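J.:
Here it is in structure tokens:
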């Protein structure tokens, strides 16, 4: 109904040509439905009947509101009384403009709740449905109908994108400028598009996702039916700062957003160009089989494409014997009949088309990259007239009707199609529920020793005890067996750097080590020292890190990486949002570049990946069960051929 | 009538708080109590506050008979005999109809020595039992207690601000070293973050700032952080602390938003730079007060640090909390026994 109203009222319509209230009314001229203007000063504007207030107008399904911010809420109140269920507030002057605006917006949300009004905006460009002529925006142009729905947090970007798409003679099904997202957010609108027969792809530009959980739930459901391609800005600190002061919202981390996209099947785009490339490809195809074939009339671009295929994790198809024989039968002797197929520079359109159609018949080929350069013998127009059903991208270098100039960009877009196909095939995520005693964890959270928490949820740790005097330290160490590790328990960060950790301590050194650790800690001044943790020394294995940081938008963001320099220097870490299925946990582990080290190099035995996955899942469950845990980290988790052991654990509970 | 002199090794050791808590506990147990602070300085407001907390009727001049402005001048001009008489007279008046009078010592047990009004003099003058408060500032605090008892004789003692593993050690030290030397350790009070806190209004006053967003509830700020890093790093840093204020530049909108999200209880913006209005809206929505100050971040932090070092136990929340701590950690029965009360 938001997109298919029978009647639309423009509140704040005016015959003054320089006003937004005029532009919107004018843009509605092709709308296949009733249009009313609302303005107490006029009887009629642009040929539409004009009413003093919405209360006096006939039945209205959608109200477009363009009055000053201060009066918007009283208009909405009238909409509520009249039973108008959808509204688009174009007017600015709300949350984005400061404290008074924020109050107005809160009031607006209350009115919408009271009357169940679904509202787009405020502070937006408006909405478009190309299929019924509904252009409730003040943009200068109306795009042509297409099958891409475009939702954007920036109105200005919409205007630019509409112009850009005009250049390819491509259009949109729906366009929504979301503005401040006071009532309807991206998730709500995506949900509305679920059953829209005109929309095949959803393209999204966002600066922030305040309710990340809701977004993930909706996106995961819809993206299996319709691909969602999204670009999120504010990935760097500078970008996040700009977004924060621009929208007055709290920026969650970019990693959390990327992880959320990935887990819910949303294809993430790095740049506007990327966004358009992917969305346009998805507007044609939703599915692709393994194996990419390249057919070219020039070697260089073919090699570029082959390189990119490897780089983006795709596979060059291996042609069947039949295909090779067939290619040989009509291609000149110097041509390459293996993938990438080079029909040579003297090829005409016919030779080129035959080659394309030939490889398209091969069962090992899932998609084709068609590359040509303009030669004396080949015309772009002619060469583009091949007839195949498999997905292809056109890389006719220098032709204005080509999908791409750059073969690398073509491969990049194609790789998204492959990733999406895989996602669609993926089964439901299954979560393992670990049984543990919650009360025990709650008790352990009060204890001074965080290891008790790990023990309570069944994550293996070395044997340990807490000593408050040197004498106690000795008796605990005697029970554990030598050598032992000793570290201070207290609110001290970077314990090792300040001499508060001692490793490989033997019986004769325990008391001295205790006193040294305490003395070093006390030297720091204002710190709380609870005692010294005495721990069994664990030898061998590899060190990994498993952590969680609660993201303001998406909740617990789980982190995995290899310990030491791999995390600190190479930032070789992966992220996912909890809950995490076993498959996802294993995916996380395999995704880090240093995974090879865990698999074992030069004859080493592989580490116990499943044991790590279990730790990741347990911490994920713990962070969902206990929202008061703000962050935690097992660093290092020592992994062996069989099993693992958490050597150090930090937790921050609010 | 019995009297207990609450003396201390140093200034700012926690005497007033302990007297307030003990006073209330004694009243609850049915004793009629009095409060006396013979020797103090002109700007001391303890007398007024404690009189109020303990709902006492005695005049302030009676509770604190000798208040001085310049000690140098006072040493030369005062007559020790007169002073002693005044102390004894006032005390006798206060002691009427009381079961026990809490006498608060001066800045340290030796202060007032030159005019015969040190805690050492007062305790013998009024034949009081002694409760010595020692703020823990290192293991040598024990020696300072021993020196005090060498001069003043048998005493009870409370060591303030002892936390963690040290409590185990001090438990043993009490029986092995303090007890044989005439010091009965009746309590070790732990550090408590809430007690060390300041209200937002106290902070605003200390920094001479103005509110951009006024506090909506009466929260205690327990510590402060400086925001000068990237928002991602800051987020963990802010979240790690409880009931904190963040000091940062007014132009760091990214940090303001992160701080508000991390549950920071007060934002202190420096350099007289007002934040974007979106931040003010956000702060109002989350009920986070914003104080704008003129100084730079470093000077502001220094000022606030000083204010935190002189925190008093005032306000209902803190008084209640401190009383709970004293009830839990101080051996009240022993104090009653030593005083000879029933």
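Residue numbers (the numbering used here), protein chains in the order written: chain H, 1 to 654; chain P, 655 to 996.
Every residue gets a Cβ at the ideal spot worked out from N, C-alpha and C, and that includes glycine.
Keep in mind it's a predicted model, so treat the numbers as computed, not measured.
#1: Who does residue 351/H pair with in a DSSP beta bridge?
#2: In chain order, which continuous runs of the alpha helix (DSSP H) of length 4 or greater are located wholly inside the segment 800-885 of chain P?
#3: Check whether chain H comes within 9 Å of residue 795/P, counting only Cβ atoms and requiring the distance to be less than that.
#4: Out of curiosity, what's the CA-to-CA distance linking residue 258/H and residue 196/H?
#5: Got a sec: is the Cβ-Cβ distance from residue 958/P to anything in chain H below 9 Å?
#6: I want to see whether chain H comes within less than 9 Å of residue 976/P, judged by CB atoms only; does it?
#7: Check whether the Cβ atoms of residue 619/H and residue 563/H lie closer than 9 Å to each other.
#8: With residue 925/P as the anchor, note down where its alpha helix (DSSP H) starts and where it stops.
#9: Taking beta-carbon pairs under 8 Å, can you tell me which members of the segment 208-222 of chain H lie near chain P?
#10: Give a yes or no on whether 9 Å exceeds the smallest Cβ distance from residue 479/H to chain P.
#11: Look at residue 274/H and residue 408/H and say whether their C-beta atoms are less than 9 Å apart.
#12: Contact check, residue 202/H vs residue 149/H under 8 Å by CB: the rounded distance?
#13: Residue 97/H touches chain P at which residues, Cβ-Cβ below 7 Å?
#14: Secondary structure at residue 168/H, three-state DSSP: helix, strand or coil?
#15: Counting beta carbon pairs with one atom in the segment 637-652 of chain H and one in the segment 757-773 of chain P, are three or more of them shorter than 8 Å?
#16: Suppose the cutoff is 7 Å on Cβ atoms and the five residues either side in sequence are ignored; what does the same chain contact list for residue 723/P look like?
#17: May I ask you to report which of helix, strand or coil DSSP gives residue 64/H?
#18: Taking any Cβ of chain P, which residues in the segment 627-650 of chain H have a Cβ under 7 Å from it, in chain order?
#19: Quick one: is residue 16/H buried, meaning 16 or more other Cβ sit within 10 Å of its Cβ, or exposed?
#20: Using alpha carbons as the reference points, say which of 289/H, 99/H, 406/H, 303/H lies closest to residue 939/P.
#21: Which residues of chain P have a Cβ atom closer than 7 Å to the Cβ of residue 652/H, listed in chain order?
#22: Taking C-alpha atoms, which residue in 256/H, 260/H, 372/H lies nearest to residue 549/H?
#23: Beta-carbon of residue 934/P versus every beta-carbon of chain H: anything under 9 Å?
#24: Reducing DSSP to helix, strand and coil, say where residue 69/H ends up.
#25: Start and end of the alpha helix (DSSP H) containing residue 322/H?
#26: Output the boundary residues of the alpha helix (DSSP H) element that contains residue 217/H.
#27: Using CA coordinates, which residue listed in 363/H, 285/H, 163/H is at the minimum distance from residue 317/H?
#28: Does the CB of residue 889/P have a neighbour CB from chain H at under 9 Å?
#29: Tell me, please, whether the CB atom of residue 574/H is closer than 9 Å to any CB atom in chain P?
#30: When you check each C-beta in the segment 461-492 of chain H against every C-beta of chain P, which residues fall closer than 7 Å?
#31: Give me the Cα-Cα distance between residue 511/H and residue 829/P, rounded to the nearest whole angstrom.
#32: Give the DSSP-derived three-state secondary structure of residue 536/H in the structure shown.
#33: In three-state DSSP terms, what is residue 556/H?
#34: Counting contacts by CB-CB distance shorter than 9 Å, is residue 666/P in contact with chain H?
#35: If you draw a straight line from the alpha carbon of residue 774/P to that of residue 503/H, how long is it in whole angstroms?
#36: Hey, out of 744/P, 693/P, 730/P, whose CA is closest to residue 713/P's CA?
T.: Per the coordinate set shown:
#1: Paired residue(s): none; residue 351/H is not in a bridge.
#2: List check, alpha helix (DSSP H) in window: 820-827, 854-861.
#3: no
#4: Cα to Cα, residue 258/H sits roughly 26 Å from residue 196/H.
#5: Output row for residue 958/P: interface = no.
#6: no
#7: no
#8: Per DSSP, residue 925/P is not a residue of any alpha helix (DSSP H), being assigned neither H nor E.
#9: Against chain P - using a Cβ distance shorter than 8 Å - the segment 208-222 of chain H contributes no residues.
#10: no
#11: no
#12: The pair is a contact, with the Cβ atoms about 5 Å apart (cut-off 8 Å).
#13: 931
#14: Correct three-state label for residue 168/H: coil.
#15: no
#16: 696
#17: Assignment of residue 64/H by DSSP, reduced to helix, strand and coil, places it in the strand class.
#18: 630, 631
#19: exposed
#20: 99/H
#21: 893, 894
#22: 256/H
#23: yes
#24: helix
#25: 321-330
#26: 212-223
#27: 363/H
#28: yes
#29: Taking Cβ atoms only, chain P never reaches closer than 9 Å to residue 574/H, which makes this a no.
#30: Correct list: 468, 469, 490.
#31: 22 Å
#32: Three-state result, residue 536/H: strand.
#33: It is a strand residue.
#34: no
#35: 51 Å
#36: That would be 744/P, whose Cα lies nearest to the Cα of residue 713/P.
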